[in-house]
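Below: the structure, in structure tokens.
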Amino acid sequence: EPHFDPEGAVCANDDQADEAYCSYDVGANACAYCLPPTTQVNGEICDGEVIIVSDTACIPGEPHFDQEGSVCRNDDQWDEAYCSYDVGPTACAYCLPTDSGGYL
Numbered sequence: 001e002p003h004f005d006p007e008g009a010v011c012a013n014d015d016q017a018d019e020a021y022c023s024y025d026v027g028a029n030a031c032a033y034c035l036p037p038t039t040q041v042n043g044e045i046c047d048g049e050v051i052i053v054s055d056t057a058c059i060p061g062e063p064h065f066d067q068e069g070s071v072c073r074n075d076d077q078w079d080e081a082y083c084s085y086d087v088g089p090t091a092c093a094y095c096l097p098t099d100s101g102g103y104l
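Going left to right, the sequence shown walks through residues 1 to 104 as my numbering numbers them.
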């Protein structure tokens with residue numbers, strides 16, 4: 001049964017630097033947070049905000065051996081996300097373009 005949490009409600013890491021929020025523009029069940037724009041995603045410095053799609057989608061070791069830059073969500077879409085170990089040890093993320101004004 002859905003929880004009906006409103007957009008922007010805290011969904012993880014309450015009162016921490018990586019506090020995450022319900023972000024339904026990111027995905028139907030997304031709990032996301034942004035990192036500063038000095039982080040690499042898909043091998044390039046992100047010049048916009050980094051959007052975390054999942055903190056657990058990529059596994060660099062056994063049994064998956066997901067490589068840095070492997071597509072982990074939204075294949076061939078504008079918000080295609082990649083295994084981004086600079087973002088987190090199992091993170092799947094994409095860059096929000098700077099011309100978006102901070103909105104999807």
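We treat Cβ as the ideally placed atom computed from N, Cα and C, and that holds for glycine.
Values in this document were obtained by computation on a predicted structure and should not be read as measured data.
For V71, the enclosing beta strand (DSSP E) covers residues V71 to R73. The Cβ neighbour count for T90, taken over all protein chains shown within 10 Å, is at least 16; the residue is labelled buried. Contact between T39 and D86 is confirmed by a C-beta separation of about 5 Å, below the 8 Å threshold.
By the Cβ neighbour-count rule, I45 is exposed, with fewer than 16 other Cβ atoms within 10 Å of its own. Annotation: C58 is outside any beta strand (DSSP E) and is labelled neither H nor E by DSSP. Shortest Cα-Cα distance from A30 to any of A17, T56 and F65 involves T56. The criterion of a C-beta distance shorter than 8 Å is not satisfied by Y24 and I51. Of the residues D14, A20, A9 and V41, the one whose Cα lies closest to the Cα of C92 is V41.
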